[in-house]
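Numbering (the working numbering), first residue to last: 44 to 417.
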Ligand SMILES: [Zn+2]
Ligand SMILES: [Zn+2]
């Protein structure tokens with residue numbers, strides 16, 4: 044095939060995105076060539092841009108929240124990873140993470156998300172190296188790793204593109220073992236905060252409290268069913284916020300579960316104080332290295348007898364369980380994508396998320412890069 048495709052290549056840490064071209068490969072047996080429909084810009088992409096993700100190899104085509112249409116199926120591929128038939132033109136979500144299936148964590152511990160030899164689309168080599176087209180900020184993605192997975196999608200692109208970040212919220216809820224009737228605090232009203240709020244409600248939370256900013260994001264949290272919102276721009280004293288949260292919990296003892304979705308280290312001591320004795324603190328906001336904090340083992344952990352869990356990404360089970368919730372219409376997912384940008388504006392997207400979350404005079408909720416004109 045002599046077609047040429049374009050992708051936005053980042054040359055180095057804090058470098059420049061350049062739209063470059065390369066020949067579009069034909070899929071070999073077992074592979075799928077995907078024509079990108081949309082790819083969400085994630086906080087992780089921005090952290091990788093700033094050099095916070097160890098092991099990133101440059102130049103790179105970022106983008107792991109990938110939705111696209113099947114352009115060509117390699118020989119032997121006729122279904123998605125759940126066995127649903129797929130044909131050229133169908134819309135699919137690519138599950139970015141790929142595990143090896145053989146390492147200790149894959150084969151023995153049965154925790155493929157912890158694979159030591161894994162890779163992921165959006166984290167793989169760039170367009171100028173073989174195999175080409177391995178990230179979502181590109182007109183094409185070649186799904187070529189033999190252990191790749193993908194799911195056929197039946198929703199609009201603006202909703203389907205949210206599947207990957209939504210799965211992170213599902214993973215939070217799994218790790219918290221939320222019980223029916225629980226009170227759950229969500230620190231952060233970004234995309235992961237909003238999605239983990241929806242996941243907490245699905246898991247049985249009776250009361251959800253979102254602590255974040257700005258007001259418009261808290262309005263979105265309300266639209267997703269948050270019972271209480273606390274604006275950190277209005278209530279700037281953490282001690283006051285802690286009291287407010289406690290006053291919203293049974294007996295004033297604190298929340299059963301707190302999700303940290305800010306990626307800001309200093310949110311953690313505050314969140315731990317919002318937790319009741321014996322509660323569960325879920326740390327998932329720091330997918331990249333944003334620095335250290337000081338904690339007191341006695342006061343923060345032992346005396347309160349808490350459970351502290353970390354969450355790393357998500358796995359295919361979360362995609363399979365998250366898809367019908369996205370498709371159900373129970374939550375206003377369609378309100379999430381605030382911007383659709385062409386490839387050559389990716390740098391502006393990263394800049395907006397790195398600074399004031401505003402672009403073209405509109406506040407950023409989720410930016411989607413659209414690499415192909417429809
Ligand atoms: Zn992401
Ligand atoms: Zn492995």
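We put the CB at the ideal spot given by N, CA and C, even for glycine. As the structure is a prediction and not an experimental result, all values here were calculated from the model.
Review point. DSSP beta-bridge partners for residue 183?
Key: Translated into positions along the chain shown, residue 183 becomes position 140. Checking the DSSP bridge columns, you'll see residue 183 partnered with 78.
Check your understanding: Does any heavy atom of ligand 2 sit closer than 7 Å to the C-beta of residue 144?
Key -> For this step, residue 144 is matched to residue 101 along the chain shown. In this structure, the C-beta of residue 144 approaches ligand 2 to less than 7 Å from one of its heavy atoms.
Check your understanding: Looking only at C-alpha atoms, which of 295, 157, 334, 288 sits nearest to residue 145?
Key -> Residue numbering aside, residue 145 sits at position 102 when the chain shown is read from its first letter. Here the closest residue by C-alpha is 157.
Review point. Between the C-alpha atoms of residue 257 and residue 69, what's the straight-line distance to the nearest angstrom?
Key: Counted from its first residue, the chain shown places residue 257 at position 214. Counted from its first residue, the chain shown places residue 69 at position 26. Rounded to the nearest angstrom, the gap between the Cα atoms of residue 257 and residue 69 is 46 Å.
Practice item. Check whether the region 79 to 87 touches the region 102 to 120, counting contact only when three or more Cβ pairs, one atom from each stretch, lie closer than 8 Å. Key: Remark: three or more beta-carbon pairs, one from each stretch, lie closer than 8 Å, so the region 79 to 87 and the region 102 to 120 are flagged as touching.
Check your understanding: Which residues have a Cβ closer than 6 Å to any heavy atom of ligand 1, listed in chain order?
Key -> The set of residues with any CB-heavy atom separation to ligand 1 below 6 Å comprises, in chain order, 85, 87, 107, 108, 207, 208.
Review point. Excluding sequence positions up to five away, which residues of its chain have a Cβ less than 6 Å from the Cβ of residue 238?
Key: Position 195 of the chain shown, counting from 1, holds the residue named residue 238. The beta carbon of residue 238 is closer than 6 Å to those of 208, 209, 212 in its chain, skipping five residues each way along the sequence.
Review point. Should residue 280 go down as buried or exposed, given a rule of 16 or more other Cβ atoms within 10 Å for buried?
Key: As a position in the chain shown, residue 280 is number 237, starting the count at 1. Around the beta carbon of residue 280, fewer than 16 other beta carbons sit within 10 angstroms, so the residue counts as exposed.
Review point. Should residue 161 be listed as close to ligand 2, given that the test is whether its C-beta is under 7 Å from any heavy atom?
Key: For the purposes of this step, residue 161 is taken as residue 118 along the chain shown, with counting starting at 1. Relative to ligand 2, residue 161 has its C-beta within less than 7 Å of a heavy atom.
Review point. Where residue 136 and residue 162 are concerned, what is the direct C-alpha to C-alpha distance, given to the nearest angstrom?
Key: The count along the chain shown starts at 1 and reaches residue 136 at position 93. The count along the chain shown starts at 1 and reaches residue 162 at position 119. Cα atoms of residue 136 and residue 162: separation of roughly 17 Å, rounded to the nearest angstrom.
Practice item. Can you check the region 266 to 346 for any beta strand (DSSP E) of at least 3 residues that lies completely inside it and give the ranges in chain order? Key: Segments of the beta strand (DSSP E) lying fully in the region 266 to 346: 271 to 274, 298 to 303, 318 to 326.
Check your understanding: Among residues of its own chain, excluding the 5 on either side of residue 374, which ones have a beta-carbon nearer than 6 Å to its beta-carbon?
Key -> Numbered from 1 along the chain shown, position 331 holds the residue referred to as residue 374. For residue 374, where only same-chain residues beyond five positions count, the Cβ hits under 6 Å are 241, 267.
Exercise for review: Name the two residues that bound the continuous beta strand (DSSP E) containing residue 137.
Suggested key: One-based indexing of the chain shown puts residue 137 at position 94. Where residue 137 is concerned, the enclosing beta strand (DSSP E) stretches over 134 to 138.
Check your understanding: Helix or strand or just coil, what does DSSP make of residue 64?
Key -> On the chain shown, residue 64 is found 21 positions in, with the first residue counted as 1. In this structure, residue 64 counts as strand in the three-state DSSP scheme.
Review point. Mind checking whether residue 369 and residue 412 have CB atoms under 8 Å apart?
Key: Start at 1 with the first residue of the chain shown, and residue 369 comes out as number 326. Start at 1 with the first residue of the chain shown, and residue 412 comes out as number 369. No, they are not a contact pair.
Review point. Over what stretch of residues does the beta strand (DSSP E) that includes residue 382 continue unbroken?
Key: The count along the chain shown starts at 1 and reaches residue 382 at position 339. Following the DSSP letters along the chain, one finds residue 382 inside the beta strand (DSSP E) bounded by residues 380 to 384.
Exercise for review: Give every residue of the same chain whose Cβ lies closer than 6 Å to the Cβ of residue 380, excluding the five residues on either side of it in the sequence, and list them in chain order.
Suggested key: Taking the first residue of the chain shown as 1, we reach residue 380 at position 337. If we look at residue 380 and ignore the five residues flanking it on each side, its Cβ neighbours are 201, 409, 411.
Exercise for review: If I'm right that residue 219 touches residue 300 with Cβ under 8 Å, what's the distance once you round it to whole angstroms?
Suggested key: On the chain shown, residue 219 is found 176 positions in, with the first residue counted as 1. On the chain shown, residue 300 is found 257 positions in, with the first residue counted as 1. Right, their Cβ atoms sit about 5 Å apart.
Review point. With respect to 7 Å, is the separation between the Cβ of residue 82 and the closest non-hydrogen atom of ligand 2 below this value?
Key: As a working mapping, residue 82 is identified with position 39 in the chain shown. Residue 82: no, Cβ never under 7 Å from ligand 2.
Review point. Alpha helix (DSSP H) containing residue 86: first to last residue?
Key: Looking up residue 86 in the chain shown gives position 43. That run of the alpha helix (DSSP H) goes 86 to 92.
Review point. Any heavy atom of ligand 2 closer than 7 Å to the CB of residue 166?
Key: The residue given as residue 166 occupies position 123 in the chain shown. Because no heavy atom of ligand 2 lies under 7 Å away, the Cβ of residue 166 does not count as near it: no.
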